[in-house]
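Chains as they are written, first to last, in my numbering: chain H, 1 to 405; chain P, 1001 to 1405. Taking it in order: structure first as structure tokens, then the write-up.
Number of protein chains: 2
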Amino acid sequence: MATGTKPFPTMHPVAGFKLGTTSAGIKTVGRKDLVVMALAPDSTVAAVFTQNAFCAAPVLVSRQHLSTHTPRYLLINTGNANAGTGEQGLLDAQRSCDSLAELQGVSAQQVLPFSTGVIGEPMPMQTLLTALPAAVEALDENAWVDAAEGILTTDTRAKGASLQYRPNAASAELITITGISKGSGMIKPNMATMLGFVATDAEIDAELLHHALQRVVNKSFNRITVDSDTSTNDSLVLVATGASGITIDECNFEQFVTQLEQVFIELAQAIIRDGEGATKFVAVEVDGALDSAEALKVAYTVAESPLVKTALAASDANWGRILAAVGRAGVENLDVSRVSVSLNQVLIVEAGGRAASYTEAAGEQAMAAEDISIHISLNRGTVEETVWTTDLTYEYVRINAEYRT
Amino acid sequence: MATGTKPFPTMHPVAGFKLGTTSAGIKTVGRKDLVVMALAPDSTVAAVFTQNAFCAAPVLVSRQHLSTHTPRYLLINTGNANAGTGEQGLLDAQRSCDSLAELQGVSAQQVLPFSTGVIGEPMPMQTLLTALPAAVEALDENAWVDAAEGILTTDTRAKGASLQYRPNAASAELITITGISKGSGMIKPNMATMLGFVATDAEIDAELLHHALQRVVNKSFNRITVDSDTSTNDSLVLVATGASGITIDECNFEQFVTQLEQVFIELAQAIIRDGEGATKFVAVEVDGALDSAEALKVAYTVAESPLVKTALAASDANWGRILAAVGRAGVENLDVSRVSVSLNQVLIVEAGGRAASYTEAAGEQAMAAEDISIHISLNRGTVEETVWTTDLTYEYVRINAEYRT
């Protein structure tokens, strides 16, 4: 199951950024599961990783390589997360970098490894290494769709976003931003999603690029939750090849961030729309908060409440469960008599109780939609925040009960 | 579904404490749904209530009455929670106290009201009030079983615990402690469970009784979670009638607390065993923590992880999900290489990775049990904490998707 029927977008190639995908057979024979990405020599790179203390071996290796070198290659496999694999996992992640580096004549520190899939199984290294030359052979600027498919696990569809914009109205030059993401369960990223790779041909120095990444991640991948579980492998990489020749500086930075945010939100929302067992796409919007922290506390408590999520699955406008979740979110001195709640524009709660104008029929009609917005007004401040989530269905339980079998 | 097959225990009557139950027809005609409890005149009472900001009208009224008077009657209805009902809800809760007080010749402030059931529906007051005399008529010290049935909602069975102990080896005198509880969803009590009523014939002053209640609640009802949702109506009342003539003082207080804790743990665990859709009873034990707060953080994060809970439902020893939950629990400077995990005595993780001795067969065998203990050692301190929870099944989703229909 998944929500929304938007077709896969046109993926504009990014000059200076190539992708090569092959089927190594890491978990399933014949499935695309190994992707190499090649960055033009002068690219800048920014990345964010999971904050889970049990982060996977490739996350540790990527962090270390990034701290001393600018990457030339990204190496991604699906089917095996290389997480919970101890010392051997680190050696394996290192060895995959060594092999690709040797093939391409760069140093191993210029390769960043990424893995996603089952936790706790040893990585089938021979299978992975044997397939490397085929992935390299396939490197091409026009190969985004194959790569988007090559990084999936329980996802039911590939996720991509791409746009071009004209930074200067007086000129014909365009900046391209194109990216892919994956993930549909164990999703509550904390600084990154399961996996995301975004490239632009803008020229931007590493510090400014990192600043841009932080800004947009906090409004996209860090605002989604399927099941409140943060993965051990979450990684998100943003590459700027500079091939367009257009430089991002303080004058056009905000414009760049706005465009970048659009791509990031599209990629993050695509993960929610493909959430495990999802039949609803739900935006939980909180306004009138004193600060961002309390707005997010309320939004996440509602978005992660199993009782709210099962009511959503049943299209049941059970607003009592929404109120109960708001009430336990830990907002200090919350005046419940000022709280109001709307479901897709239908006012269901005002002054802390059922709205006088509310009818079950109106609530049912609002809940029948596939896209639901739960709008909560705390009416005590001016800050607002939005998080996106899914409903909780039988299908979620089935997928996660059967994942390893 | 529910776990465990222990028969309903023998309920020793508590001298000075009577219970009367009837079928008012508040939600379902013919179902026991109205309970009155009568306390001997010199009883002492301690109570704890939900910390949900949206607490129900009867919780507000009970708190207020307790602050000025010692209760003589408890009035409990199921079928309607009288929560999210605004000003009218308060008036209704007050009116039910007035009516019982008038019937029994006490002041309305000597009655505490309790409600459980659907949130947000107006209380059918005429139905409730009409049935009051029948409940009063039924008052009897031997009527614990009827009362245990009369407070249920989605519970599949009544929950009771009862014991007698001899406070002084040299004497034949006994102290009795008997209690009932209800709840199987929206369960993460914070200071109390959905509903619990425990009485003893010990004589104990109100302050010491309250102290005892705090001690045992923190080791029982405040250590369980079905779905992380804290109810708006959680209330727990402990009554000491003094009818045994045995006084609890500083000398025999610890002994009393030990016995009381046994009754409380049994009642709290009964809620978990009857958790919505539960097929497993799961103890999450964390030791080697620096303090209680971090032990509980880890225990709750594991106990509430949808991915851990669905793996439990499938009897899948998916220890990677347990590690991932430990890793995101927010323990500062956690050295993952010191973490070990056992499932029912089978060591599955040591030094942060799969234990050398571990086999899938051993893991499968451990997970096949109905009672599962997940034991997590952080190996950084000496504090340990345990919480109890259930698995997450299709049945949980079905019950909560269909609750109002």
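Note that the Cβ used here is the ideal one computed from N, Cα and C, for glycine as well.
H/P306: contacting residues in chain P (beta-carbon distance under 8 Å): D1227, S1228, D1229, P1306, L1392, Y1396, N1400
Chain P contact for H/T3 (CB, 8 Å cutoff): no
Three-state class that DSSP yields for H/A325 in the structure shown: helix
8 Å Cβ cutoff met for P/A1313 and P/D1391: yes
The segment 149-166 of chain H / the segment 123-130 of chain H touching (three or more Cβ pairs under 8 Å): no
Between the CA atoms of H/A317 and H/S373 - distance to the nearest angstrom: 12 Å
Whole-number beta carbon distance between P/V1336 and H/F54, since they are thought to touch under 8 Å: 5 Å
Residue closest to H/A293, alpha-carbon to alpha-carbon, out of H/I204, H/T386, H/P113: H/T386
Touch test, the segment 251-264 of chain H against the segment 208-225 of chain H, Cβ-Cβ under 8 Å, three pairs minimum: yes
Contacts of P/W1319 in chain H (Cβ-Cβ under 7 Å): G120
Residue interval of the beta strand (DSSP E) (run including H/I272): First-last for H/I272: 253-273, but that is the alpha helix (DSSP H), not the beta strand (DSSP E).
Burial state of H/V29, where buried means 16 or more other Cβ atoms lie within 10 Å: exposed
Cβ neighbour criterion (16 or more within 10 Å) applied to H/G353: buried
Contact list for H/T85 against chain P, beta-carbon separation under 9 Å: G1353, R1354
P/N1052: contacting residues in chain H (beta-carbon distance under 8 Å): A324, G327, R328
Within chain H, partners of P/V1331 - CB distance below 9 Å: A53
Neighbourhood of P/M1037 by C-beta, 6 Å cutoff - its chain only, sequence neighbours within 5 removed: L1019, L1074
P/A1172 versus P/V1198: straight-line alpha-carbon distance, rounded: 23 Å
Inside the segment 128-192 of chain H only - beta strand (DSSP E) runs reaching at least 3 residues: 159-165, 175-182
Secondary structure of H/I399, DSSP reduced to three states: helix
The segment 157-166 of chain H touching the segment 3-10 of chain H, judged by at least three CB pairs closer than 8 Å: yes
Nearest-angstrom Cα separation, counted from H/E304 out to H/Q345: 22 Å
Where the beta strand (DSSP E) containing H/S315 begins and where it ends: No beta strand (DSSP E) contains H/S315, which DSSP labels as neither H nor E.
6 Å Cβ shell around H/L139 - same chain, five flanking residues per side excluded: K18, G20, A38
Expected contact under 8 Å - CB spacing of P/A1366 and P/L1343 to nearest Å: 4 Å
Three-way DSSP call (helix, strand, coil) for H/H211 in this model: helix
P/P1058 - DSSP class collapsed to helix/strand/coil: helix
Straight-line gap, H/N52 to P/G1275 (C-alpha atoms, nearest Å): 29 Å
Beta-carbon spacing of P/A1325, P/V1339 below 8 Å: no
Under 7 Å from the C-beta of P/V1336: neighbouring residues of chain H: A53, F54
Close-in-space but distant-in-sequence residues of the same chain around P/L1209 (CB under 7 Å, 5 per side omitted): T1044, A1046, L1238, A1240
Inter-residue spacing [alpha-carbon to alpha-carbon] between P/F992 and P/R1321: This structure does not reach residue 992 of chain P, given that chain P is present from 1001 up to 1405, and the question cannot be answered.
Residues of the segment 278-311 of chain H whose Cβ lies closer than 8 Å to any Cβ of chain P, in chain order: E304, S305, P306, L307, T310, A311
P/A1313 at chain H interface by Cβ criterion, 8 Å: yes
Contact with chain H by P/T1389, beta-carbon distance below 8 Å: no
Other residues of its chain near H/I399: CB distance less than 8 Å, five sequence neighbours each side excluded: T154, G185, E276, G277
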